[in-house]
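Numbering (the UniProt record's numbering), first residue to last: 1 to 345.
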């Protein structure tokens with residue numbers, strides 16, 4: 001793909017998200033989501049591999065269905081109330097339809113089946129866009145309608161997503177699918193807490209993006225695609241292997257790493273709202289996710305110096321990708337826990 005076409009697509013992608021985030025009218029928000037979806041389809045299918053074409057088709061079908069539901073719910077609400085404002089969603093059926101549509105766009109269970117398949121068919125760079133940037137527009141709509149969305153539906157989908165994300169990632173060896181199920185579990189945390197505290201939901205999203213970005217960048221840098229490839233990461237970059245391991249554990253939410261902060265504050269908020277059973281379900285379901293993060297960390301750690309892998313080492317050539325974004329993104333993904341007092345809502 002030529003640089004000009006790539007830059008036009010990236011610009012369209014950013015424009016679509018910004019239109020949705022800045023709009024208070026349902027038609028403008030829908031238009032931004034459509035522009036966003038159409039811009040990423042050529043990026044997903046760029047390699048012309050059959051699997052990439054399949055991934056872009058699956059992405060298009062699910063996103064188009066979700067956008068249609070959003071448009072349908074906004075038309076129903078306009079018919080009932082006579083207004084198109086996002087902040088005035090009063091029709092109960094429209095509220096439930098919108099909640100389901102946004103869940104489908106984000107990849108919440110049980111509408112999550114497209115996300116692992118699309119990520120597996122995409123490159124790591126495209127996958128990074130899908131699990132970070134592409135979540136911003138639907139998450140903004142969810143934050144705008146947090147006090148009007150169907151609370152029971154969101155909580156059920158959120159807690160189910162945390163469990164499904166943990167169970168789905170247990171048997172995977174492909175890292176893109178592991179990251180997809182990790183994304184589903186983290187989105188479950190956001191959906192569960194958004195009806196109780198939208199500030200905490202925003203914190204969850206921010207920390208998820210801050211940790212997932214260096215995780216994906218380090219996998220791109222070391223050309224790692226499977227669990228088996230992780231065992232030779234040390235030969236590519238001895239310093240990157242332990243940092244990747246710590247980023248994985250941070251995604252799992254282990255203290256004293258950054259990923260512990262949103263989970264800690266979320267559980268604290270749920271307990272303050274007298275929702276101990278839901279907090280218990282979330283905490284126990286997260287142990288499933290933690291298991292596969294630990295398994296990946298173990299694959300990395302057994303070959304760290306001074307016990308390197310016995311197989312022939314890779315050639316340490318000059319890296320093709322820039323290391324500056326990775327160097328900037330790694331510290332906040334590991335060391336942000338001391339900022340917790342500033343983040344309390």
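Note that CB positions come from ideal geometry on N, CA and C, so glycine has one too.
- Residue 98 and residue 89 have their alpha carbons spaced roughly 9 angstroms apart.
- A straight line joining the alpha-carbon of residue 167 with that of residue 184 spans about 11 angstroms.
- In this structure, the beta-carbon distance from residue 337 to residue 221 does not fall below 8 angstroms.
- Around the beta carbon of residue 77, 16 or more other beta carbons sit within 10 angstroms, so the residue counts as buried.
- In the structure shown, the three-state DSSP call for residue 228 is helix.
- With the rule of 3 Cβ pairs closer than 8 angstroms, the stretch 185-192 counts as touching the stretch 154-164.
- If you compare the alpha carbons of 344, 123 and 287 with that of residue 266, the shortest gap goes to 344.
- According to the DSSP assignment, residue 3 belongs to the alpha helix (DSSP H) that extends over 3-22.
- Assignment of residue 223 by DSSP, reduced to helix, strand and coil, places it in the coil class.
- Per DSSP, the continuous alpha helix (DSSP H) segment holding residue 181 begins and ends at 175-194.
- As computed with DSSP, residue 85 is found in a beta bridge with 25.
- Residue environment analysis places residue 293 among the buried positions, since at least 16 neighbouring C-beta atoms fall within 10 angstroms of its C-beta.
- Counting every other CB atom within 10 Å of its CB across the protein chains shown gives residue 134 a total of 16 or more, marking it as buried.
- For residue 302, the three-state secondary structure derived from DSSP is coil.
- Where residue 268 is concerned, the enclosing alpha helix (DSSP H) starts and stops at 260-272.
- Here the C-alpha atom of residue 203 lies approximately 12 angstroms from the C-alpha atom of residue 139.
- Three or more beta-carbon pairs drawn from the stretch 55-63 and the stretch 104-122 are found closer than 8 angstroms, and the two stretches are therefore classed as touching.
- Here residue 55 really is in contact with residue 122; their C-beta atoms are around 5 angstroms apart, less than 8 angstroms.
- 289 is the residue among 299, 289 and 43 whose C-alpha sits nearest the C-alpha of residue 180.
- Between the alpha carbons of residue 49 and residue 278 lies a distance of about 43 angstroms.
- At a Cβ-Cβ threshold of 8 angstroms, residue 124 and residue 219 count as neighbours.
- Distance from the CA atom of residue 325 to the CA atom of residue 169, rounded to whole angstroms, is 27 angstroms.
- By the Cβ-count criterion, residue 216 is buried, with 16 or more other Cβ atoms from all chains shown falling within 10 Å of its own Cβ.
- Distance between residue 9 and residue 323, taken at the CA atoms: about 24 angstroms.
- Judged by their CB atoms, residue 23 and residue 14 are not nearer to each other than the 8 angstroms cut-off.
- Around the C-beta of residue 7, fewer than 16 other C-beta atoms lie within 10 Å, and the residue is accordingly described as exposed.
- Looking only at 106, 165 and 177, the smallest Cα-Cα distance to residue 143 is reached by 106.
- With fewer than 16 other Cβ atoms inside 10 Å of its own Cβ, residue 51 counts as exposed.
- Only buried fits residue 232, as 16 or more other CB atoms lie within 10 angstroms of its CB.
- Within a 10 Å sphere around the beta-carbon of residue 104 sit 16 or more other beta-carbons, which makes this residue buried.
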